[in-house]
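These notes concern the structure reproduced below.
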Amino acid sequence: MNLALKMRHVAVILATVLASAGVAIPAPQPSMVMVTGAVTSQPIGHYEFCQRLPAECNVKSRSAPAARMDDHAWNVVRDVNSAVNARYIARTDLDAYGVEEYWTYPTVFADCEDYALQKRKELAQLGFALSDLLITVVRKPDGEGHAVLTLRTTDGDFILDNLDSDVLAWNQAPYTFLKRQATFNTGRWVTIENGRDLLVGALR
């Protein structure tokens, strides 16, 4: 039995012992999970991305349960976040392509949504479900639009951001959350209902 399997076995035994002893096992707090609402419009950049790459935007799922993370999985996520952030030169779409919005997998230059797309692609290739990897549109404290990648886990929702080397719980990020890809279809988007009233700090 390898170390990871042993640790998981110990965790299961511990949880069973705690439950039988009447000790409450902590659950993710409501604020750690985004509450989503109705289907809403795609960002124009994602719509045009889907027109160019329709196979990317027609992946349907039953919205499998959020990823169950262990130390190895978290290390993988952090490594991908850091590696992608370091790999490309940050440029706006206007500077890189001469248009306001152009969502694409980056080669040399990347805007915020390009970083998010690349992280989503690499984590999916490493075995994470697309229903747990959701491009998300937010507003920065200065009012500027921004995009990040949301990772759904059994411990809550976390974001991978090209402006931060850390992987943060979504409610620790200094943003107003507006909408994200739906868990059930890569081409659909839903509102984030508890994202507009968060008290957020200044952008670091």
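Going letter by letter, the sequence shown gives residues -26 to -1, 1 to 178 in mature numbering (1 follows the signal peptide of the UniProt record, and there is no 0). Cβ coordinates follow ideal geometry from the N, Cα and C atoms, glycine included.
Restricting to Cα atoms, I'd like to know which of Val111, Phe132 and Gly11 is closest to Gln146. Phe132
So, for Phe102: in the same chain, excluding its five sequence neighbours on each side, which residues have a beta-carbon less than 7 Å away from its beta-carbon?
Ala41
- Message: For the pair the segment 62 to 71 and the segment 108 to 128, tell me if three or more CB-CB distances fall below 8 Å.
- Response: no
According to DSSP, which residues form a beta bridge with Phe151?
Val112
Beta carbon of Val112 nearer than 7 Å to that of Thr10: no
Beta-carbon separation (whole angstroms), Tyr89 vs Asn59, contact threshold 8 Å:
7 Å
message = Could you check whether Gly130 and Met6 sit closer than 7 Å to each other, using their CB atoms as the reference points?
response = yes
Anyone know if the C-beta pair for Val141 and Asn55 falls short of 7 Å?
yes
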